[in-house]
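Beneath this line is the structure, given in C-alpha cells, with notes to follow.
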Amino acid sequence: MLKRRDTKRYHVVLIKPSKYDDDGYVITWWRGILTSNSLACMNGLTEDLKAKKALGPDVEIVIHVYDETVQVIPVEKLARYFLKKGERATVCLVGVQTNQFARAVDIARDFRKHGFPSIIGGFHVSGCMEMLKHMPPEIKNASAEGITLVAGEVEVRWAELLKASYENRLEPFYNFVDEKPDLHGTPAPILPRDNLNHFVSAYSSIDAGRGCPFHCTFCTIINIQGNVMRGRSADDIEKIMRLSHQQNIRHIFFTDDNFARHEEWEKIADRLIVLKEKEKLGFVLQIQTDTMAHKIPHFIEKMTRAGCSRVFIGLESVNSENLRATGKYHNQLAEYRATIQAWHHHGALTYAGYIIGFPGDTYESIMKDVELLKREIPLDFAEFFIMTPLPGSVDHQNLCRDNAVLEHDTNLYDTMHVCVKHPNMSKERLMQAYHDAWRSFYSKEHMLTILKRLKNKRMRKRTVASLIWFCSSIFLEHVHPLLGGFIRLKGRRNRRPGFAREPIVAYYPRRLWELFLSIAGLIRLALELYGLGLRAARKENTDYTDASFKLTPAKSNNATSPEPGVANPVRPA
15 MLKRRDTKRY
25 HVVLIKPSKY
35 DDDGYVITWW
45 RGILTSNSLA
55 CMNGLTEDLK
65 AKKALGPDVE
75 IVIHVYDETV
85 QVIPVEKLAR
95 YFLKKGERAT
105 VCLVGVQTNQ
115 FARAVDIARD
125 FRKHGFPSII
135 GGFHVSGCME
145 MLKHMPPEIK
155 NASAEGITLV
165 AGEVEVRWAE
175 LLKASYENRL
185 EPFYNFVDEK
195 PDLHGTPAPI
205 LPRDNLNHFV
215 SAYSSIDAGR
225 GCPFHCTFCT
235 IINIQGNVMR
245 GRSADDIEKI
255 MRLSHQQNIR
265 HIFFTDDNFA
275 RHEEWEKIAD
285 RLIVLKEKEK
295 LGFVLQIQTD
305 TMAHKIPHFI
315 EKMTRAGCSR
325 VFIGLESVNS
335 ENLRATGKYH
345 NQLAEYRATI
355 QAWHHHGALT
365 YAGYIIGFPG
375 DTYESIMKDV
385 ELLKREIPLD
395 FAEFFIMTPL
405 PGSVDHQNLC
415 RDNAVLEHDT
425 NLYDTMHVCV
435 KHPNMSKERL
445 MQAYHDAWRS
455 FYSKEHMLTI
465 LKRLKNKRMR
475 KRTVASLIWF
485 CSSIFLEHVH
495 PLLGGFIRLK
505 GRRNRRPGFA
515 REPIVAYYPR
525 RLWELFLSIA
535 GLIRLALELY
545 GLGLRAARKE
555 NTDYTDASFK
565 LTPAKSNNAT
575 SPEPGVANPV
585 RPA
C-alpha cells in the first residue's frame, strides 16, 4: 500500500459558470433555486475515475466542485494553493450554454494565466461544431488562447480526456457529438452535499434520459443529444435515488427534455412507488413532458403517485400558426386544457414554456394570445421566453446559412434579449411585448385567479412559494426565474472585461441601497402573495369556476392503481 508521501495529487476543478448581467456583473445568489445536472454528471464521472485510480495507482484525484450561480469562483486562491503545494490541476467549465460562454472563457483565461489547462464543454460548443460549417469567432478566439473545446457527451471519453490533460497532451478540439453513449450503468449524477447547502432546498437532479423524438426547429436537444431517446435503466434510477436519500436529498428534478417518452418510464415509476410506499423513502419529484402525456395510459397517475408534484410542459404557444411554423405539430390546442386538468386532478402543479416572438407574431397578437392563455388554460405558471436562435438549432443554422445579422455577444442569448431582427416588430416593441406578457400573467388579478382554481390547500401553499420566486426574479431582480435565486451577491472587482471598475465611494452606497430595496421588496411581495392565498381560500371561493374548467380530466388513460401495473381509480392526492 502506497504511503501518503508517495502519492501524487492531481486536482480537477469542475465549474458551472454563470453569466453576466447587462451591467457586466456576474449573476450570483446567496441562495439559488435550480442545481446544475451537467455539474452533477461530471462530478459523478470524476468520482468514478477517482475510485478507479484512472491516472495510475500513485495518483490521487482531488475534486473541487463550484456552481457560480451560488458561489464566487476563487481563482487566485486556488491557483496560489496549487502552486504553493507544487501540485497540478485541470479546470473544466461544464454544461456551458451559449449565454454562459463569454463568462466561461473569462474564467478559463484567468486559470490559463497561472499555467493550468482549461477545458470548455456544453451546448454552445456542441451546437457550433455540429451544425455550422465554420466556427464562429468566439470559438476560434478561445482555441487561440489555448483553451480546449469539447463537443458532445463524455461518459465514455472522460477518462481519456483527463489522462490527456494529466500528460499535457490535450488537443484544441474534441468532437464526440456523433457518439451517443449508452447511459445504462453509467456513474450516478450527484453533487457534494456541501454544494447543495447553497440552495433554498436540497434539489438535486437526474438525467434519466437524453434526446427527444420531435423535430422543433428552435430546439438544440435533438441535434446534439439526438432524436432517439436514450435512458438510464430502472436499476440505475433506483441506485441514484438511494444514494440521494443517504445524502438527505428529497427533492429530485428529472431533467429529461421529455420524460414521458423514456422507454422505461413505467418501470422507473413502479420502482419509485415501491420505494415510497413500501420502504417509506419518499421523494418530491419534478419532470418535463409534452402536452400529450395525458394520453399515455397510467403515466400521470403513476408519476404523481411516485411523488411528482410539479411538471414542466412544453406548451410554447396557443397560436396554431406559430406551432406549425416551427415544426411543433404534436402540440394540439384542444389538448392543453385536458392535460393540465389531468395533472391537477392528481395533485401536481403545472409550469409551461411560452415563446414570444415567433415570425408571425405582432405585439397585438402576443397580448391577445396571453389573454387567451389566462382565460382558457388553467395553467399555474407560465415561463416566457423570447424566440432565440440558439447554436445547435435548425433556426440558427438556417440564419447563418442565409447570412442573417445575428447578435454577436453570446452573453445575450439567454431568451431575455432580442438576438435577431423580427419581421413584424422592432427590437423595442418585441421587448415591450415580452415584459408586458410577464406583467399580464403575473398581475395580482390573475395570480388570485390561479390560486382560486386550486382546491387543494397544499397546492395553494406550494403555488404561493413559487410565485414569490417567479415574481421576485422578474420584477425585483430583472432576471428569468430559471436564472433566479434570492439576494444577489455582487463583487466590485468581479466585472466583465470592458466594463470599468466602479469607485468604492460610488459602488458601496449604491449596492447597499440595492440590497435594501431587494430585501424590502421581497418581504412586501411575500406578504402580498400570502394575502392572495388567504383570499383564495375563503369559503365563497370553494365552488369557483371559470372558462378553463370547461373540460373534465380524462380518467380512462390515467386510472390509479393500488400496486404498480394494476388499474384502480382513486381520488387525487
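If you want the numbering used here, it's the position in the sequence shown, counting the first as 1, plus 14. Idealized CB from N, CA, C, for every residue including glycine. Just so it is clear, the structure is predicted and the values come from calculations on it, not from any experiment.
Where residue i and residue j are concerned, what is the direct C-alpha to C-alpha distance, given to the nearest angstrom?
i: residue 87; j: residue 137; result: 21 angstroms
i: residue 364; j: residue 308; result: 13 angstroms
i: residue 461; j: residue 288; result: 36 angstroms
i: residue 380; j: residue 554; result: 33 angstroms
i: residue 488; j: residue 546; result: 19 angstroms
i: residue 31; j: residue 107; result: 7 angstroms
i: residue 572; j: residue 166; result: Annotation note: pLDDT 47 at residue 572 (below 50); position unreliable, no value reported.
i: residue 242; j: residue 181; result: 36 angstroms
i: residue 6; j: residue 492; result: The displayed coordinates of the chain run from 15 to 587. Any statement about residue 6 would go beyond what the structure contains.
i: residue 590; j: residue 438; result: In the structure as shown, the chain begins at 15 and stops at 587. Residue 590 is therefore absent and cannot be evaluated.
i: residue 110; j: residue 560; result: 43 angstroms
i: residue 313; j: residue 391; result: 21 angstroms
i: residue 328; j: residue 91; result: 42 angstroms
i: residue 203; j: residue 62; result: 11 angstroms
i: residue 98; j: residue 464; result: 58 angstroms
i: residue 510; j: residue 89; result: 15 angstroms
i: residue 17; j: residue 205; result: Because the pLDDT at residue 17 is just 41, under 50, the model does not fix this residue reliably, and the value given afterwards should be weighed accordingly. Rounded to whole angstroms, residue 17 to residue 205 spans 29 angstroms at the Cα level.
i: residue 28; j: residue 389; result: 45 angstroms
i: residue 570; j: residue 412; result: Per-residue confidence for residue 570 stands at a pLDDT of 36, beneath the threshold of 50, marking its modelled position as unreliable; the derived number appears in the next sentence. When rounded, the distance between both Cα atoms is 43 angstroms.
i: residue 25; j: residue 478; result: 43 angstroms
i: residue 176; j: residue 195; result: 18 angstroms
i: residue 277; j: residue 244; result: 8 angstroms
i: residue 523; j: residue 502; result: 15 angstroms
i: residue 213; j: residue 416; result: 43 angstroms
Can you name the residues that DSSP bridges to residue i?
i: residue 405; result: 407
i: residue 364; result: 325
i: residue 500; result: 45
i: residue 396; result: 366
i: residue 245; result: 223
i: residue 34; result: 40
i: residue 132; result: 105
i: residue 162; result: 133
From this set, the options, which residue's C-alpha is nearest residue i's C-alpha?
i: residue 542; options: 561, 436, 458; result: 458
i: residue 38; options: 549, 519, 506, 126; result: 506
i: residue 129; options: 135, 96, 158; result: 96
i: residue 358; options: 133, 333, 323, 332; result: 323
i: residue 330; options: 300, 280, 276, 393; result: 393
i: residue 306; options: 348, 220, 263, 486; result: 348
i: residue 268; options: 283, 311, 550; result: 283
i: residue 529; options: 508, 504, 552; result: 504
i: residue 397; options: 484, 409, 479; result: 484
i: residue 225; options: 217, 302, 164, 84; result: 302
i: residue 60; options: 46, 70, 71, 75; result: 75
i: residue 445; options: 472, 395, 377; result: 377
i: residue 254; options: 548, 513, 55; result: 55
i: residue 41; options: 79, 84, 66; result: 84
i: residue 384; options: 423, 455, 367, 270; result: 455
Going by DSSP, what residue range makes up the alpha helix (DSSP H) through residue i?
i: residue 353; result: 347–359
i: residue 336; result: 334–339
i: residue 258; result: 248–260
i: residue 449; result: 441–455
i: residue 530; result: 518–550
i: residue 222; result: Unbroken run through residue 222: none, as it is neither H nor E.
i: residue 273; result: Unbroken run through residue 273: none, as it is neither H nor E.
i: residue 213; result: Note, residue 213: premise wrong, no alpha helix (DSSP H); not H, not E.
i: residue 137; result: 137–145
i: residue 92; result: 89–99
List the endpoints of the continuous beta strand (DSSP E) containing residue i.
i: residue 103; result: 102–107
i: residue 374; result: No beta strand (DSSP E) holds residue 374; DSSP gives it neither H nor E.
i: residue 81; result: 73–81
i: residue 25; result: 22–30
i: residue 63; result: Not the beta strand (DSSP E): residue 63 falls in the alpha helix (DSSP H), residues 51–65.
i: residue 305; result: No beta strand (DSSP E) contains residue 305, which DSSP labels as neither H nor E.
i: residue 188; result: 187–189
At least three beta-carbon pairs within less than 8 angstroms, the segment 350–364 to the segment 316–325: yes
Given 8 angstroms, three or more beta-carbon pairs between the segment 400–418 and the segment 225–242: yes
Touching by the beta-carbon criterion (3+ pairs, under 8 angstroms), the segment 149–156 and the segment 166–179: no
The segment 529–539 / the segment 441–459 touching (three or more Cβ pairs under 8 angstroms): no
Segment contact flag, the segment 243–251 with the segment 292–310, C-beta cutoff 8 angstroms, min 3 pairs: no
Touch test, the segment 42–57 against the segment 211–222, Cβ-Cβ under 8 angstroms, three pairs minimum: yes
Contact the segment 428–436 vs the segment 116–134: 3+ CB pairs below 8 angstroms: no
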